[in-house]
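Comments concern the structure below.
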Amino acid sequence: MAIAREAEPVGSLKEVREAGLDREDLLTVYRNMLVTRGVEERGHILYRQGKIPGSFYTGRGNEAGSVGVATAMGPNDVGTPLHRDMGVHITRGVEPWRIFAQYMGRADGPTKGRDGNVHMADGRLGLIAMVSHLPAMLPVAVGCALAFRIREEKRVAVGWFGEGASARGDCHEAMTLAGTRRLPMVFVCDNNQWAYSTPTHLEYASETVADRAQAYGFEGVVVDGTDVLAVYREARRAIEKAREGGGPTLIECLTLRMEGHAVHDDAFYVPKEMFEEWAKRDPIERFRSWLKDNADLTDEEEDEIALEIKKIMNDAMKRADDSPLPDPSTVTEGVYATPEDLDTPHHK
Amino acid sequence: MPVMSYLQAISDGLRVEMRRDKRVYVIGQDVGVYGGAFKVTQGFQDEFGPWRVIDAPLAETAIVGSCTGAAIMGMRPVAEMQFADFVSCAWDHLVTVAAKQRYRAGTPVPIVVRCPSGGGFSGGPFHSQNPESSFAHIPGLKVVCPATPADAKGLLISSIEDPNPVLYMEHKHLYRRIKDEVPEERYTIPLGEARIHREGDDITLVTWGAMVYTADEAATQVEAEGISVELIDLRTVAPWDKQAVLKSVEKTSKALVLHEDTRTGGFGAEIVATITEEAFESLDAPVKRVTAPDAPVPFSPPLEKAFIPQVEDVVAGLKDLAAY
Ligand SMILES: Cc1ncc(C[n+]2csc(CCOP(=O)(O)OP(=O)(O)O)c2C)c(N)n1
Ligand SMILES: [Mg+2]
């Protein structure tokens, strides 16, 4: 029997209002999910056109998890999103053209061509750029929470990790430190049931990842990661609890990685039926029909939103394509920080 | 000027910065109530409280990784490894995360990791190492190796002030053995500036950390035989003061590089390569290395003595060079 709590689905608009979202917010959530998928779909096109060097990863199937959690974060909260969490960047407000520039290794990408993929973040939006090594960002996120605790600020840090990466020591150490010090921290497990080609029963032996939370002295909860409203409600609960000194929570968002590990991988090892079953639970389709049933989303509104997003994507692709490649003579620039770099709002 | 031990000078530097700058905090195993395994932070928790002198679980990854997060949030963390050897458990957080964050993401990571390093008292393979060259190899990291109490204080303050991740290698064999005058006030010593420990004309001897004292004794011995040694204490190995070394070699035309770390790929190799590349015309002899052999640090006293470079090893090296 699982130890972690299983989150209930969210029912009516009334319940959602109680959880803090009005109709306009709901449409913003919907837009953010569409932009998230739009960016990754366009990324695929760019990749096939040979415009993206290296590899290419997406988070298809994780739009509800990433957007849902980010929607629950406060403006001064911070987070360390990963390679399936494009929705976090979008929700926090990164401009899509910057992401395309990043994909293509251009000078205007957030890392100016020094790193690729979703290895990027805009610090002004409270995000820290991930490294490849998983889940190394968890201890970093815990450090943010520690800083908030030392300074007695009512801010929360959110750290993401995959169920596969939960096997590594960084996860254990991060949860140990956050648990012993009751830090304002929320751990979010993107459980997409695969770590590259490895299935969950070879990744962890507990029934759920969230079960482990108890061992670290805090609550674990499993939520349907295709239900953006349920994710939002659980994230908000956890974030507000952390903000009020209640310590960490581990939220496990269950979904399926709907593509291969990266663009080179056709996911032959994932049973066809599994894809078929989870395709019926597509997070965006689910939310669209919920909005129709519960919030009177009209066809006109839908068309309007679709058109708006198409324009954002096209403009972003064009702007990114106009961005120059980085100047090779800058290859060693910025290895070391200068005192002026500390002239940020954080370092004052 | 007050006289302090090397250890007291480290404590003093840390205390001065913590009093001056509220963003500075200390985290490590047993640093709080106990005052640290070597007592560098003795009394600190009473003065600064439990949230600025933080007793951490046995979790170097979380200690150093969390320092990076806190630094990005505007803090100035100082982590203590109980022994330098345990920094291997935080490798990823220094090399993968902290070292590359400025270059990739534009985010400075001003953290200091204090590493009680070095051998000389039967610490064995896991409590005696000098891991400076491993980290000096990593672009984005700085590595500091003070030899004197005054440098220990000034370089620690500079390391805390520096906007980059800094490994501060404090040599355990100097902690209580070395005492000297240390200015009372706050001062900094630029990272990357060597110090001429003694001037000389015949041979340039480059070293750092505890080996400065071994080198000095060797230089005194050969001086009696008319060999004049210029002893350069690098003070920091990343960045290292290339110009000071080249300038001295141009004067003396011979060089010996000494370090307590093992030989192959040790930082001495970098110094020798640089001298041969950039001062070849000045050289009258092949540049020599005196280092520990390529082996783990052994435990038993005769083995450890055979491992760590001794005064007589340096003397022999200097005589060889003089005779060349
Ligand atoms: C420490 C480490 N080892 C190996 C890899 C290579 N790798 C990249 S993603 C991945 C699978 C990760 O699975 P999971 O944590 O479940 O995240 P997901 O990709 O499924 O979202 C692997 C093995 C890595 N990034 N980091
Ligand atoms: Mg996975």
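One line per chain: the protein sequences are Z and E, in this order.
Here our numbering is used: the first residue of the first sequence is 7, the next is one more, and so on.
Here our numbering is used: the first residue of the second sequence is 30, the next is one more, and so on.
By construction, the Cβ of each residue, glycine as well, lies at the ideal position given by its N, Cα and C atoms.
Computed from a predicted model, the values in this text were never measured in an experiment.
Under the assumption that residue i contacts residue j (Cβ atoms under 8 Å), give the Cβ distance between them as a whole number of angstroms.
i	j	result
E/D84	E/V62	7 Å
E/R227	E/L260	5 Å
E/V266	E/V172	5 Å
Z/D196	Z/N38	In fact, because the Cβ distance is near 17 Å, the residues do not count as touching under 8 Å.
Z/G103	Z/A343	In the sequence on display, residue 103 of chain Z carries Trp and not Gly. Contact flag wrong, Cβ pair sits at about 27 Å.
E/K201	E/D41	Not quite, the Cβ-Cβ distance comes to about 18 Å (not below 8 Å), so this is no contact.
E/P178	E/M33	5 Å
Z/L208	Z/R174	With 8 Å as the limit, Z/L208 and Z/R174 do not qualify as a contact, their Cβ atoms being about 14 Å apart.
Z/V227	Z/A13	5 Å
E/L43	E/I232	The Cβ separation is near 37 Å, so there is no contact.
Z/R112	Z/S295	Between Z/S295 and Z/R112 the Cβ distance is about 38 Å, and since that is not below 8 Å, they are no contact.
E/A302	E/E279	Not really, about 17 Å apart at Cβ, beyond 8 Å.
Z/A153	E/G103	7 Å
Using the rule of at least 16 other Cβ atoms within 10 Å of the residue's Cβ for burial, across every protein chain shown, is residue i buried or exposed?
i	result
E/Y353	exposed
E/Q272	exposed
E/L196	buried
Z/Q55	exposed
Z/G65	buried
Z/V337	exposed
E/D180	buried
Z/R185	At residue 185 of chain Z the sequence reads Gly, which differs from the Arg that was named. Classification for Z/G185: buried.
Z/Y238	buried
Z/H270	exposed
Z/R23	exposed
E/T293	exposed
Z/A70	buried
E/G255	exposed
Z/G26	exposed
Under 8 Å between the Cβ atoms of residue i and residue j?
i	j	result
E/A128	E/G94	no
E/R264	E/A239	no
Z/A142	Z/D114	no
E/M30	E/E214	no
Z/T86	Z/I134	yes
E/C96	E/I39	no
E/P86	Z/T182	yes
Z/L52	Z/M110	yes
Z/L131	Z/G170	no
Z/S224	Z/G253	Looking at the sequence itself, residue 224 of chain Z is Phe, so the reference to Ser does not match. Contact: yes.
E/F336	E/V344	no
E/K101	E/G57	Here the sequence assigns Ile to residue 101 of chain E, which means Lys is not the residue at that position. Going by C-beta atoms, E/I101 is not nearer than 8 Å to E/G57.
E/A314	E/L287	no
Z/N198	Z/R263	yes
Z/I35	Z/I105	Note on identity: in this sequence residue 35 of chain Z is Val, with Ile being the wrong assignment. Not in contact: Z/V35 and Z/I105 (Cβ atoms no closer than 8 Å).
Z/V194	E/G98	no
E/Q71	E/G64	yes
E/V258	E/L347	yes
E/T108	Z/E179	The residue asked about is misnamed: residue 108 of chain E is Ala in this sequence, not Thr. No, the pair does not count as a contact, with Cβ atoms beyond the cut-off.
Which residues in the same chain as residue i place their Cβ atom closer than 6 Å to its Cβ, once the five residues preceding and following it in sequence are excluded?
i	result
Z/S72	D91, G93, V94
Z/I245	A78, V162, V192
E/P192	P137, P139
E/M198	C144, S146, E161, C174
E/S311	V278, E279, S282
E/G229	S257, V258, E259
Z/T117	M126
Check the Cβ of residue i against every Cβ in chain A and list those closer than 7 Å, keeping chain order.
i	result
E/H166	Of the chains in the structure shown, none is chain A; the protein chains are Z and E.
Please list, in chain order, all residues of the same chain as residue i whose beta carbon is under 7 Å from its beta carbon, the five residues on each side excluded.
i	result
E/D114	F155, H156, Q158
Z/V41	I96, P102, I315, I318
Z/Q220	I9, G226
Z/R243	none
E/S187	T217, I218, P219, L220
Z/T206	E169, Q199
Within its chain, find whatever has a CB closer than 8 Å to the CB of residue i; leave out the 5 residues flanking it on each side and keep chain order.
i	result
E/V241	A176, T177, H226, L260, D262
E/G221	T265, P268, W269, D270
Z/I311	L33, Y36, R37, L40
E/F67	L36, P145, K201, Y204
Z/P59	M110, G111, G122
- the segment 107-138 of chain Z: which residues have C-beta closer than 9 Å to a C-beta of chain E, in chain order? Against chain E - using a Cβ distance shorter than 9 Å - the residues of the segment 107-138 of chain Z are P116, T117, K118, R120, D121, H125, M126, A127, G129, I134, A135, V137, S138.
- Anything in the segment 333-352 of chain Z with a Cβ closer than 7 Å to a Cβ of chain E? List those residues in chain order, please. Contacts with chain E (Cβ-Cβ distance below 7 Å) from the segment 333-352 of chain Z involve G340, V341, Y342, A343, T344, P345, D347, L348, H352, listed in chain order.
| query | Got a sec: which bits of the segment 120-144 of chain E sit with their beta carbon under 8 Å from any beta carbon on chain Z, in order along the chain? | reply | Going along the segment 120-144 of chain E in chain order, one finds D121, H122, T125, V126, K129, Q130, R131, Y132, R133, A134, G135, T136, P137, V138, P139 with a Cβ nearer than 8 Å to chain Z.
- prompt: Using a beta-carbon distance cut-off of less than 9 Å, what residues from the segment 143-156 of chain Z approach chain E?
  reply: Contact residues of the segment 143-156 of chain Z toward chain E are M143, L144, P145, V146, A147, V148, G149, C150, A151, L152, A153, F154, R155, I156 (C-beta to C-beta distance below 9 Å).
Legend entry - Contact set between the segment 174-207 of chain Z and chain E, restricted to residues whose Cβ is under 7 Å from the partner: If you check each beta-carbon in the segment 174-207 of chain Z against every beta-carbon of chain E, the ones closer than 7 Å belong to G175, D176, E179, A180, T182, L183, T186.
- Query: Going along the segment 96-108 of chain E in order, which residues come within less than 8 Å of chain Z, judged by CB to CB distance?
  - Reply: The residues in question are C96, T97, G98, A99, A100, I101, M102, G103, M104, P106.
Tell me which residues of the segment 192-221 of chain E have at least one Cβ-Cβ distance to chain Z shorter than 8 Å, keeping chain order. Result list: P192, N193.
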